[in-house]
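To keep things clear, I will list the structure first and then write my remarks on it.
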Amino acid sequence: MEHQTFGGEVTMPHEAPGDDSKKRIWRTTWILSGITVLELGIGYLLYLTDFSSGLDLAFKGAVIILSLAKAFYIVSIFMHLGDEIRNLIMTIVVPLVLFVWFIIAFLADGVSWKNLRNEYNPKEQIKQEQGHTAPAKEGGLK
Amino acid sequence: MAQAAAVNTKWWSGGKSPFNVEYGKLMMWYFLMSDAFTFGAFLISYGTVRMSSISWPDPNKVFNSFPLAGHANLPLVFVSLMTFILIVSSVTMVLAVHEGHHGNKKGVVKWMIWTILGGLAFLGCQAWEWHHLHDQGAWWGRNPFANADGTVAGSNFANFFFTITGFHGFHVLSGVVINIIVTIMAWKGVFERRGHYLMIEKIGLYWHFVDLVWVFVFLFFYLV
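In order, the protein sequences belong to chains A and B. Quick note on numbering that gives the first Met the number 0: the first sequence kicks off at 0 and runs consecutively. Quick note on numbering that gives the first Met the number 0: the second sequence kicks off at 0 and runs consecutively.
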């Protein structure tokens, strides 16, 4: 059947984007460089000054947010994901939401592991085991 | 790209391709998504181990050298250079894709060559850094750097650093090799005869992804 055409939605050859797109590339370049410089500035600030742990954490959080902004610009402008159809964007982005759980769960596990090790006292453990296991064994033998 | 598509097009009503992209490009996106999970798993396991440690080596003390600068204390300087090299090579790659949209073979080849040079420069930097750290006694299983609180550190820091930057560097290396191949193809006129430069777009996606991963490697190993 000759009606197997894909009509106007054939992707190749691409319609040449207007001159606008080159401007967009350069603007994104400046944004990415600017954010990187800002990140480095915060990096030096953290290196040169001795902040309280709360402020330290706040600055580190700021750097992480800035990096996420960089990631957004790279993916949406340089990789042109922002120009794709919504359906396609969603099949890429929605699975990545799993990362929210991954990060929370695994980092929390790391913290809990540290706390458990900090509280762990081998001597106490042995005493407890001796206190408890001896009668239990007798019970088991009967 | 779907700029030509009307906003109210019913993509799922049948008879048309709901994603409106070519097969290879779609598969590149899915490959990159899976690769994002691989890198994510690496970085999250690094985060977990770092969180579970009472103290950790201070990156500003570990990564403080620059080639030919002797023992000068220059934290963040070398890695900034590496980061900018990768950003610039990402830009030259977008420009190559842009020239491809216009079917300008000369422009594609020119910007691809710059991209390849950027990739090689990055790899050179990484080789220098690895060599320098190895000289200081760091390698898989060996970590000479003390924790930030002065205690002796285990080898976790070095293990994660070499594994993750190594995996990333291997991606850059494969990217450079593929870039060289498609540049030769573009130069020989393969894409011109094909009538489109989609191949440049696909390798471009991969190349930007490698830059994207570096954003996070840079963040978690050098900045925080």
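The C-beta atom is built at its ideal place from N, Cα and C for all residues, glycine as well.
- Short of 6 angstroms from the beta carbon of phenylalanine 159 (chain B), and not among the five residues preceding or following it, lie these beta carbons of its own chain, in chain order: Tyr45.
- Phenylalanine 220 (chain B) counts as buried, since no fewer than 16 other beta carbons sit within 10 angstroms of its beta carbon.
- Secondary structure at tryptophan 138 (chain B): strand, using DSSP grouped into helix, strand and coil.
- The straight-line gap separating the alpha-carbon atoms of methionine 198 (chain B) and leucine 31 (chain B) is approximately 16 angstroms.
- The Cβ-Cβ distance between lysine 24 (chain B) and phenylalanine 144 (chain B) does not fall below 8 angstroms.
- Taking 8 angstroms as the CB threshold, aspartate 210 (chain B) lines the interface with chain A.
- Across the structure, glycine 165 (chain B) and alanine 70 (chain A) are spaced so that their CA atoms are roughly 21 angstroms apart.
- Here serine 88 (chain B) is near phenylalanine 121 (chain B), since their CB atoms are less than 8 angstroms apart.
- Annotated three-state conformation of phenylalanine 105 (chain A) is helix, per DSSP.
- Assigned with DSSP and collapsed to three states, methionine 78 (chain A) falls in coil, not helix or strand.
- Residue environment: tryptophan 206 (chain B) is assigned as buried (16 or more neighbouring CB atoms within 10 Å of its CB, all protein chains considered).
- About 22 angstroms separates the beta carbon of glycine 106 (chain B) from that of isoleucine 84 (chain B), a gap too long to meet the 8 angstroms contact definition.
- Between threonine 37 (chain B) and chain A, the shortest Cβ-Cβ separation is not below 8 angstroms.
- Close to leucine 54 (chain A), with beta-carbon spacing below 8 angstroms, lies no residue of chain B; the smallest spacing is near 14 angstroms.
- Separation of isoleucine 179 (chain B) and isoleucine 115 (chain B) (C-alpha to C-alpha, rounded to the nearest whole angstrom) is 7 angstroms.
- The residue among B:His101, B:Val90, B:Asp210, B:Gly136 with its C-alpha nearest the C-alpha of arginine 26 (chain A) is B:Val90.
- As the crow flies, the alpha-carbon of threonine 47 (chain B) is around 40 angstroms from that of asparagine 19 (chain B).
- Leaving aside the five residues that flank leucine 42 (chain B) on each side, the residues in its chain whose CB is nearer than 8 angstroms to its CB run, in chain order, Ile163, Phe215, Val216, Phe219.
- Taking a beta-carbon distance threshold of 8 angstroms, valine 108 (chain B) does not count as an interface residue toward chain A.
- With fewer than 16 other Cβ atoms inside 10 Å of its own Cβ, tryptophan 11 (chain B) counts as exposed.
- If you draw a 10 Å sphere on the C-beta of aspartate 49 (chain A), you find fewer than 16 other C-beta atoms in it, and that means exposed.
- Contact check for aspartate 57 (chain B) and alanine 137 (chain B): beta-carbon distance about 14 angstroms, past the 8 angstroms limit, so the pair fails to qualify.
- Minimum Cα-Cα distance from serine 51 (chain B) among the listed residues A:Glu118, A:Asp108, A:Lys122, A:Asn120 corresponds to A:Asp108.
- Cα atoms of glycine 99 (chain B) and valine 93 (chain B): separation of roughly 10 angstroms, rounded to the nearest angstrom.
- With a threshold of 8 angstroms between beta carbons, methionine 32 (chain B) makes contact with chain A.
- By the Cβ neighbour-count rule, asparagine 86 (chain A) is exposed, with fewer than 16 other Cβ atoms within 10 Å of its own.
- Comparing alpha carbon positions, the residue from B:Gly102, B:Leu132, B:Trp28, B:Met111 closest to asparagine 63 (chain B) is B:Leu132.
- Taking all protein chains shown into account, alanine 104 (chain A) has fewer than 16 neighbouring C-beta atoms within 10 Å of its C-beta and is therefore exposed.
- Cβ proximity to chain B below 9 angstroms picks out Ser20, Lys21, Ile24, Trp25, Thr27, Thr28, Leu31, Ser32, Thr35, Val36, Glu38, Leu39, Ile41, Gly42, Tyr43, Leu45, Tyr46 from the stretch 20-53 of chain A.
- Neighbours of serine 66 (chain A) in chain B, taken as residues whose beta carbon is under 7 angstroms from its own, are Val214, Phe215, Leu218 in chain order.
- Each residue's CA atom was taken as its position, placing methionine 184 (chain B) and serine 173 (chain B) some 17 angstroms apart.
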